[in-house]
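The next block holds one structure in the form of structure tokens; read it before the comments.
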Amino acid sequence: MRMDAMQLKRLEQLYQDFVAHDAEQHDRIARYRNIEPESAQYLSMLVSIQQSKTILEIGTSTGYSTLWLADAVQKTQGHLTTLEIDAVRSQQAQQYIEEFGLSESVDFWVGDAKAFLVSNHEQYDLILLDAERDAYVEYWVYLQNMLATDHGVLVVDNVISHAHEVEKFMAKVKNDHRFTSMIIPLGAGLLLIKRI
-18 MRMDAMQLKR
-8 LEQLYQDFVA
2 HDAEQHDRIA
12 RYRNIEPESA
22 QYLSMLVSIQ
32 QSKTILEIGT
42 STGYSTLWLA
52 DAVQKTQGHL
62 TTLEIDAVRS
72 QQAQQYIEEF
82 GLSESVDFWV
92 GDAKAFLVSN
102 HEQYDLILLD
112 AERDAYVEYW
122 VYLQNMLATD
132 HGVLVVDNVI
142 SHAHEVEKFM
152 AKVKNDHRFT
162 SMIIPLGAGL
172 LLIKRI
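When you line the sequence shown up against this note's numbering, it's residues -18 to 177, in that order.
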């Protein structure tokens, strides 16, 4: 990590603010639903270990995971593209990225993720999928071709906490013998998918 003690303290403060916000919301969609700190740190370490140059994040929210990924990809001299359907949340995330001095490493894209996936022809070293779970099966058609062939990794959040909601997606991945996958019991549960 490049972050100093003050930045790490600020990150913790942001996370607690996001959690407090979510606790007051009765509507699930109104919640920020950011990834847990241990999962975010794991992703950051994965970027560093893999020396990822190209990262795609599907589901920016207010940018907690974006900050961790952007910090790591700055070190690898790579780039992060992050997708968010809610323009207000994307703007919040951009402000935090600017505050941390990470703007040069991140592109923000606002709109429906499927529209991006349909028109995208890039491949990525790492993809984080943390969006509306009922769309994952549909996204898989595109995501499988977006992973860098020899080393690309797709990480899917919430596979333990919301196992029933990703059951069809996980079955589809498991039945595709071109890929291997495993669950990491961190945070809400991370599914790692890699081409064999």
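Ideal placement from N, C-alpha and C gives every residue a C-beta, glycine not left out.
Source: prediction; values computed, not measured.
| Query | Result |
| --- | --- |
| Proximity of Leu109 and Glu5 at Cβ, strictly below 8 Å | no |
| Residue(s) in a DSSP beta bridge with His2 | Beta-bridge pairing links His2 to no other residue. |
| DSSP-derived helix/strand/coil call for Ser37 | Before going on, a small fix: residue 37 reads as Leu here, not Ser. Leu37: strand per DSSP, three-state reduction. |
| Limits of the unbroken alpha helix (DSSP H) element including Ile30 | Pro18 to Gln31 |
| Proximity test, Cβ basis, 8 Å: His2 and chain D | Looking at the structure shown, chain D is missing, and only one protein chain is on hand. |
| Phe97: first and last residue of the uninterrupted alpha helix (DSSP H) it sits in | Ala94 to Ser100 |
| Three-state secondary structure assigned by DSSP to Leu(-5) | helix |
| Distance, Met(-16) Cα to Gln31 Cα | 19 Å |
| CA nearest to the CA of Gly170, picked from Lys(-10), Tyr117, Tyr23 and Gln(-3) | Tyr23 |
| Residue interval of the beta strand (DSSP E) (run including Val136) | Val134 to Asp138 |
| Through-space distance from Val0 to Gln(-6), alpha-carbon basis | 10 Å |
| In DSSP terms, what Ile174 is bridged to | Leu135 and Ser162 |
| Option nearest Lys(-10) by Cα separation, candidates Phe81, Ser20 and Leu173 | Phe81 |
| Segments assigned beta strand (DSSP E), at least 3 residues, entirely inside the segment 46 to 88 | 60 to 65 |
| Spatial distance of Tyr123 from Asp(-2) (CA atoms) | 34 Å |
| Where Asp157 falls: helix, strand or coil (DSSP) | coil |
| Inter-residue Cα distance where the pair is Met151 and Tyr(-4) | 28 Å |
| Status (buried if at least 16 other CB within 10 Å, exposed otherwise) for Val58 | For the record, residue 58 in the displayed sequence is Gln; it is not Val. Per the 10 Å Cβ criterion, exposed. |
| Sequence-distant residues of the same chain with beta carbon closer than 8 Å to Asp88, five excluded per side | His60, Leu61, Thr62 and Thr63 |
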